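Worksheet: the structure to be examined is printed underneath.
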Amino acid sequence: MPRAGEPDSPARIGAPEAGVEVSVLVPCLNEELNLPELAHRILTVFERGGFRGELILVDDHSTDGTAKVIESLTAAHPGLVRGCFHPRNLGIAAAWRSAATEARGSQVVIIDADLQYQPEDLLRLRRAFREHSVDVVQGWRSPVGRFRDKRYYLSRCFNWLLNTVFSMRLRDNKSGYLLCAREVFLDLLSYQGRYHYWQSFLMVAAHAKGYSYREVETLSEPRRQGESFLDREAVRASLRSLADLQVAFWEYRVRRRPADAADAFLRAHDRTIDVRPSETRSLRESAHRAALSWTHRPLTRNVQFHTETLRRTAELPAELLQDLQDEKLRRLVRHCYRNVPYYRSVMQGRGLRPEDIRGQDELAALPILTGHDIRRHLYFDILAEGHDKAEMIRVHGVGSTHEPKVRFVDRSQRELHEAAGRRFRGALGIAFGESHVRIRSADGVAGLSRRLRRGVDRLAGSVTLTLDDYSPAGWERHRERLVRLQPKLIEGTAEVLELLADALRGPGPRPAPRAVVSTCQTLGVDARLQIEEALGCRVYDWYGTGELPLIAAESPSEPGHRYFAEGCIVELLCGGRPAGPGEWGDVVVTDLANYCMPLLRYRTGDRAQAMPEGSRQSLGAIEGRPARIFAGTEGRRIPATLLSETFRELGFAVRRFALEPIDEGVIALRLVPGPRFSSDLLESALADLRGRLGPGSRIEVELIEERD
């Protein structure tokens, strides 16, 4: 293994190697007499446990013969013992990071080199990790056999301080004997503050980042060979630890960062990625960030954090971007196995464990998830256990199959997708604060909240145009407002943009945006040409669903629809196999950001064409819900999605529905009733539809009985 800091040190942190289950990471400073026995006992543990492991020894610039012992051990046990060498003393946390970067195992164990922790207890930690639904297993040092010296009492006092300051209840908070998934450990190591001994705050970081943990009692012995620096500097080290406590309090309680695998991934690769967060922010942007949490709930100021992170991940080369997706996938699969009964049952039924899904190439081992599966398990076992319900958002919608549906998503998922929208707008040349209009049929808020929200939106340059009148006179008013605003960007559904293009056909002034973004429905070729001609700019198609607002988007710099790779993994399946270049296939999406109701290999009901060159990060043409416009009375032209809104929250009573135009102001409604369907509910829905179609409209109803 290369010596840390040398030019040929590998920078890429890829997926764990198939077959290696556990990597044991050992920082070493002047431990030449302890290492032979440590290596022998750990290799014996691998043999007794019946699993493949590796031992990584990190020489932290020792002044004795530690480096030579490591070299001899790696030569005697090739593939089982590996060495890493620091050119200067960097400390325990840096040694952990060097070893974790090189680790090939799906799980890592950290243990000291002085044999105070017993290597055989690794089997107990591993058993607890496999049997309990936790992210981290920590070995706490039993009082049996421990010397009650000055160091012991200083350690107990510091343990009390850690538990008190960070609201924890660990028996041995700063124990350095721990087992967890490799990506979890790398995430824990992504700290910000300047510490003397960050290793004391490893479990504090796990607690602050929301990882679950379990303690296992382990035996310990006093050091028999070598000397710890704490023996000479116990008082000085205690004072430094108290200073570290203040830094940790600021980082993990006051200035707590959102849990984001991409942020941790970037920190792990900070030697190869030159893009850094912006150091300056305009007064307008700062005000918008501060006000967002108050006016745009459930969104918070974390949107800005995700925006900055996505700005940096946009610079990742393709292989590192895939590594990031795989890392997020491993975290998600581990969460699903431990906390979501539906997925745990599915995986156990197929003989799978989380470590069997190392990346996208293993995704096919999991079954396809359908809307029917979600409806069957929605209130039973597909929601994560122990998830903070205050972080969940209920999403109602109508899918491509015209079935009312209910989904739950994390607040953080919505924030990530909002940040992705900002990044894609930036790719279209729309900077923060530049005017852009979002055309909506309704914005869901009213009164003072609506005015405050729109005021904060204006700080970001965003204006919401609510379409409350679909008559010719109403469209003329909408046109006049757009001309007054002169936005740089216009966003709306394909149906609304098509209606807007019709309204702009006649003489008179027009808005002159730089770009138009079409969302929700399939954007037909003729409709695209019509919109581009009316508005004098290019139209970009953004593809998403109610569960995942942004899956892929067109950009000026490349053909097709570029995936939102940081938020999802997209598969195109043709007859159960991956679609070949140019083939059409079913869109199957894995949402990498939603932990409250995870969607692994979710069939959206849409179809798309694979790119001719077989790009793994792009889609070609997309075939989803078609854009349709209904003719109401008195010249009204109504988007089909507006009429479908009548049924979006009626999934408890309506299984499926279909709307078809017959004549102006006359439509047909075919409806499959559900168990709680009633005539009163039907009359209420019909009244709502008539209100949208206009006075004198008529609806012909056909109820269809569907057998289970």
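Following the working numbering, the numbering of the sequence shown begins with 1 at its first residue and continues without gaps. C-beta: ideal position from N, C-alpha, C; glycine also. Values in this document were obtained by computation on a predicted structure and should not be read as measured data.
Residue i vs residue j beta-carbon contact at 8 Å
| i | j | result |
| --- | --- | --- |
| Arg414 | Pro298 | yes |
| Arg601 | Leu324 | no |
| Leu329 | Thr590 | yes |
| Asp172 | Asn159 | yes |
| Ser711 | Glu47 | In the structure as shown, the chain begins at 1 and stops at 708. Residue 711 is therefore absent and cannot be evaluated. |
| Asn34 | Leu122 | no |
| Arg97 | Gly49 | no |
| Ala261 | Thr313 | no |
| Leu38 | Pro143 | no |
| Ala384 | Asn339 | yes |
| Ala658 | Arg648 | no |
| Gln107 | Ala181 | yes |
| Leu537 | Val517 | Leu is not the amino acid found at residue 537; the sequence shown has Cys there. Contact flag unset, no. |
| Ala608 | Leu619 | yes |
| Glu476 | Ile629 | no |
| Gln521 | Arg562 | no |
| Ala205 | Tyr252 | yes |
| Leu465 | Arg481 | yes |
| Leu535 | Pro513 | yes |
DSSP three-state assignment for residue i, whether helix, strand or coil
| i | result |
| --- | --- |
| Ser678 | coil |
| Leu499 | helix |
| Glu558 | strand |
| Val701 | strand |
| Pro673 | strand |
| Pro404 | strand |
| Gly139 | strand |
| Phe46 | helix |
| Ala595 | Note on residue identity: the sequence assigns Tyr, not Ala, to residue 595. Tyr595: coil per DSSP, three-state reduction. |
| Val275 | Because Val275 carries a pLDDT of 44, less than 50, the predicted location of this residue cannot be relied on, and no value is offered for it. |
| Gly349 | helix |
| Arg394 | strand |
| Asp112 | coil |
| Tyr725 | Any answer about residue 725 is impossible in this case: the structure gives the chain only from 1 up to 708. |
Buried or exposed by the 16-neighbour rule on C-beta atoms within 10 Å, applied to residue i
| i | result |
| --- | --- |
| Val184 | buried |
| Phe652 | exposed |
| Tyr337 | buried |
| Trp294 | exposed |
| Pro639 | buried |
| Gly386 | exposed |
| Trp140 | buried |
| Thr646 | buried |
| Ser697 | buried |
| His86 | buried |
| Lys174 | buried |
| Tyr595 | buried |
| Glu706 | exposed |
| Glu327 | buried |
| Ser557 | exposed |
| Thr63 | exposed |
Rounded C-alpha distance that separates residue i from residue j
| i | j | result |
| --- | --- | --- |
| Arg453 | Pro661 | 37 Å |
| Gln192 | His335 | 25 Å |
| Leu189 | Gly176 | 13 Å |
| Ser679 | Pro673 | 10 Å |
| Leu489 | Thr604 | 28 Å |
| Leu485 | Glu495 | 21 Å |
| Ala687 | Ala668 | 14 Å |
| Asp59 | Val81 | 13 Å |
| Thr519 | Leu416 | 18 Å |
| Gly546 | Gly461 | 25 Å |
| Arg528 | Tyr197 | 60 Å |
| Cys28 | Cys84 | 10 Å |
| Arg655 | Ser167 | 47 Å |
| Gln138 | Leu186 | 16 Å |
| Val134 | Ser212 | 5 Å |
| Gln199 | Leu332 | 26 Å |
| Pro509 | Glu613 | 43 Å |
| Ala113 | Ile56 | 11 Å |
Contact with chain D by residue i, beta-carbon distance below 8 Å
| i | result |
| --- | --- |
| Val517 | Absent from the structure: chain D. Only one protein chain is present. |
Exercise. Pick out the complete beta strand (DSSP E) segments inside the stretch 598 to 647, 3 residues or longer, and give them in chain order.
Key: Residue ranges of uninterrupted beta strand (DSSP E) with 3 or more members, entirely inside the stretch 598 to 647 and ordered along the chain, are 602 to 610, 618 to 623, 629 to 631, 637 to 639.
Quiz item: In the stretch 510 to 544, which residue ranges form an unbroken beta strand (DSSP E) of at least 3 residues, counting only runs that do not cross its ends?
Solution: Positions of the beta strand (DSSP E) runs, each at least 3 residues long and wholly inside the stretch 510 to 544, are given as 515 to 519, 538 to 543 in order along the chain.
Self-check item: beta strand (DSSP E) runs contained entirely in the stretch 159 to 227, provided each spans 3 or more residues
Solution: The qualifying runs are 178 to 181, 213 to 218.
Quiz prompt | Whole beta strand (DSSP E) elements within the stretch 422 to 496, 3-residue minimum | solution = As far as the stretch 422 to 496 is concerned, its whole beta strand (DSSP E) runs of at least 3 residues are 436 to 440, 462 to 466, 489 to 493.
Self-check item: Contiguous beta strand (DSSP E) assignments of at least 3 residues, all confined to the stretch 46 to 131
Solution: Qualifying beta strand (DSSP E) stretches, in chain order: 53 to 59, 81 to 85, 107 to 110.
Quiz prompt | Ordered list of alpha helix (DSSP H) runs contained in the stretch 298 to 332, each at least 4 residues | solution = Taken in chain order, the complete alpha helix (DSSP H) segments of 4 residues or longer contained in the stretch 298 to 332 are 302 to 313.
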